[in-house]
Every structure is written in structure tokens, then in C-alpha cells.
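Numbering (the working numbering), first residue to last: 8 to 366.
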Ligand code: C2E
Ligand code: CA
Ligand code: CA
């Protein structure tokens, strides 16, 4: 027997394998042979070239008997291979369809929630380590789901980014944060997280400016938090955008510092005012000497570059004391205050000393 090979378009191909004794074993055998063959390096005009391939497999009649169904399921399996990295193959299973369905439901719910504004911005304070005074709060979004309750951002921001829904959602968050911040004392800054997808949006600057104008919040009281993943692409445009924000008085913080690849070059290439050390370093602070060395050198580095340093994820008094000794400027974490709705925030004392004493 001969198999049928077809090109579906672009770099996508399909093979119909027929007449096998054991479908699973034969398809796995074929897929691994193809993977191996394609992975072999070859010469092209004097260059050594290496490519990979991702494969998804569906079986007939087990997974369906019409063409559309089979291709759809093979495609789902293919997606799994692609997200696992290159050079692998995946056999379809029913859980993949269930997952797709759950994702589609979530996406539908998310669209609906944006239309109906079912989100809340909670605020987590951060404090000056030396004086104990509150210096600002970070805006952290939550989704008030009608049946599932309050959903944390990790569970919907990635989907919002994939689907582009982060653009309207992000705009709402910026406006809400500025509107809320105007009611706080003049020395309290509000920090808003921006996703890489928002960064590609041409109107982002106008949205920020309009949120400031409409709320009346002085730009000096708005801080934008970005992770370095934002900066990897379109460096020239991003740089210009950041300079524009700075020119009107908005400040910039590099979030999750220490978790990426190019942190150091980011710091000199982009006009940041602040570094936020990722909580993974703070969590290890009491146990591991290496974290101490890392934090201490970040503080030195930041000082040299004229930037301030926030430690996030501060959960114990020991950590807070350690950070104080190391010269970190600001601290944020469950020890000092969890993210809370605005009413609760407004009831809190504005210095962490009184909070800790009360605790
Ligand atoms: P992030 O920007 O690193 O925010 C800090 C996260 O750490 C928050 O989680 C906060 O609740 C949590 N956290 C604060 N103190 C402590 C602590 O002492 N210990 C521990 N273990 N965790 C602490 P949250 O609110 O679930 O947010 C998760 C992530 O979702 C954020 O990480 C941010 O990347 C993203 N996110 C949240 N709000 C927004 C938003 O409005 N826009 C965008 N684009 N992303 C957002
Ligand atoms: Ca953040
Ligand atoms: Ca962070």
C-alpha cells in the first residue's frame, strides 16, 4: 500500500496512511520517521540548515470518519505539538476537544464580561522601606464572574492577550485606575501593568493621556509597569513610546526583574525609573545567601543608573528587615498589604508601621 501525501497550503502537509495492522503503532512509527528525517541538517548554498516539524495525528474511524472532523482533530493535536516545541508528534485525544470547548466558553464569557464591565480593579500598596510611609499602590485586575466568583488575572489575562480583548480591557483598567487614584493623597502614585499586546497598539499613548486628562490625575502620579518581554520586539518604537510617556511626566517601572534574559541591556537601553525585583528572589531571601548577593547587586546597579528599587512579594518581617539593610527603596507584599478593593484600601493606615503594630 502507498500513503497519500498532500500539501494543504503554506508549510502544512497531510498524509493519509492506510492499510495498517495497528493504527496507533503505525502512525507513531511514521511520525517519528518523518520527524527524524526532517530534523537532519542539510546544506543549502553553502549554509548548514536545520529545520523541525510538528505533527498531529487523528485516527479513523476512532476519532471520526469524515474528512472535516479528522482534519480538525489532527489540527488540535498539531497545536499541542507546536506549543510543546518543535520536532514532536501528538496523537489526538478527547481531552483536547474538551479543552478547546472550555477555552471557547471562557472566551465568550470574557467578551460578554467586557461588554458588561464585570471587572474590578484591586489595589495593593507599596511602602517606603525607610520611613514606612505608603508611596503608591499597584492596580491589579480581577474578573467578577457571575457563577465562578472572583477570577484572578493569571486565569484570563493570557486569553485576553491571545484574543486581543486585552486592548479594550486594558483601556478600561487605565481609566479606572486614574479615576480612583485622584481620590488619594497627593503623594500616592498608582501603578498600572501593561501587556505586550497593548504596547503594539498605536493609540496607547492617546488613551493614557486622555485617562489622565479626564480624571485630572497629574501624570507624575501614574507609573506604568512593563516586563522586559515587551521590549524584545520593536525596540525603536518602544523606546520612542517610553520617551513620550516620560516627557509628559509618567514614570516607568521594569516589572518581574531577574526572570527574563536580557535584563541588564534593557536597563541601559530604556529609560526606566524603577526596577521591581521579582518575588522569587524575595521568597528565597531568608534561606539562601545567593539571593542576598543578587539583591544587593541590583541595588548597586540601580543606584548607579539613577533608578529606585521595589521588592515585591515581601511576606515576613525577616525579609523586610533584610531588604532594609540591603538598601532597597520600596517594599510590597502580603506582609504589608494584600490587593484589596478601593474601599478597603481607603480604610487602611498610610504607614506600614501602624499596620505591623496592629497585627
Ligand atoms: P504582577 O504584576 O507581578 O503582580 C504581582 C502579583 O503578586 C499579584 O498577583 C499580587 O497579588 C501578587 N502578590 C503580591 N504580594 C505578594 C506576596 O507577598 N506573596 C505572593 N506570593 N504574591 C504576592 P495577581 O493580582 O494575581 O496578578 C498576577 C499577574 O497578573 C500580575 O503579576 C500581572 O502580570 C498580571 N496582571 C494583573 N493585573 C493586570 C492588569 O491590569 N493588566 C495586565 N496587563 N496584567 C495584569
Ligand atoms: Ca506588576
Ligand atoms: Ca511583578
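Built from N, CA and C at the ideal position, the CB exists for glycine as well. These numbers come from a predicted model, not from an experiment.
For the 8 Å CB-CB criterion, residue 189 and residue 148 do not form a contact.
Where residue 185 is concerned, the enclosing alpha helix (DSSP H) starts and stops at 173-188. For residue 341, DSSP records no beta bridge to any residue. Put simply, of 47, 48, 263 and 67 the residue whose alpha carbon is nearest the alpha carbon of residue 29 is 67. Counting only runs of 3 or more residues that sit fully inside the region 66-153, the beta strand (DSSP E) segments are 95-98, 126-135 and 141-152, in chain order.
In this structure, the beta-carbon distance from residue 198 to residue 230 falls below 8 Å. With respect to the C-alpha of residue 245, the residue from 127, 114, 296 and 279 having the closest C-alpha is 279. For residue 283, the CB falls within less than 7 Å of some heavy atom of ligand 3.
A straight line joining the alpha-carbon of residue 141 with that of residue 77 spans about 59 Å. Counting of Cβ neighbours within 10 angstroms places residue 20 among the exposed residues, the total staying below 16. In this structure residue 88 is buried. Its beta-carbon is surrounded by 16 or more other beta-carbon atoms within 10 angstroms. Secondary structure of residue 19 (DSSP, three-state): strand. Taken through DSSP and simplified to helix, strand or coil, residue 353 comes out as helix. Closest by C-alpha distance to residue 334, out of 10, 137, 55 and 130, is 137. Counting only runs that start and end inside the region 230-305, the alpha helix (DSSP H) elements of at least 4 residues fall at 242-255, 270-276 and 286-290. Close CB contacts of residue 323 within its chain, under the 8 Å cut and outside five residues either way in sequence, are with 293 and 342 (chain order). Shown here, residue 362 sits in a helix according to DSSP, grouped into three states. Under the DSSP assignment, residue 206 falls outside any beta strand (DSSP E), being part of the alpha helix (DSSP H) whose first and last residues are 203-206. Shortest gap from the CB of residue 230 to any heavy atom of ligand 2: 7 Å or more. Of the candidates 247, 12 and 187, 187 places its Cα closest to the Cα of residue 127. Secondary structure note for residue 317: its beta strand (DSSP E) is the uninterrupted segment 315-318. In this structure, residue 145 has its beta carbon less than 7 Å from a heavy atom of ligand 2. The three-state reading of DSSP puts residue 49 in strand, counting E and B together.
Here the alpha carbon of residue 143 sits roughly 12 Å from the alpha carbon of residue 359.
Comparing alpha carbon positions, the residue from 71, 43 and 69 closest to residue 58 is 43. As a beta-bridge residue in DSSP terms, residue 13 pairs with 21. With a 10 Å radius around the Cβ and a threshold of 16 neighbouring Cβ atoms, residue 132 comes out buried. The beta carbon of residue 318 sits closer than 6 Å to the beta carbons of 284, 289, 330, 335 and 338 from its chain, once the five residues preceding and following it are set aside; these are given in chain order. Annotation: residue 135 to residue 308 spans about 19 Å, alpha carbon to alpha carbon.
For residue 60, there is no enclosing beta strand (DSSP E), as DSSP marks it with neither H nor E.
Inter-residue distance for residue 306 and residue 239 is about 24 Å (C-alpha atoms, whole angstroms). Distances between the C-beta of residue 200 and the heavy atoms of ligand 2 include at least one below 7 Å. Residue 28 is bridged by DSSP to nothing; it lacks a bridge partner. CA-CA distance, residue 185 to residue 119, rounds to 24 Å. Put simply, the backbone Cα of residue 344 is about 36 Å away from that of residue 241.
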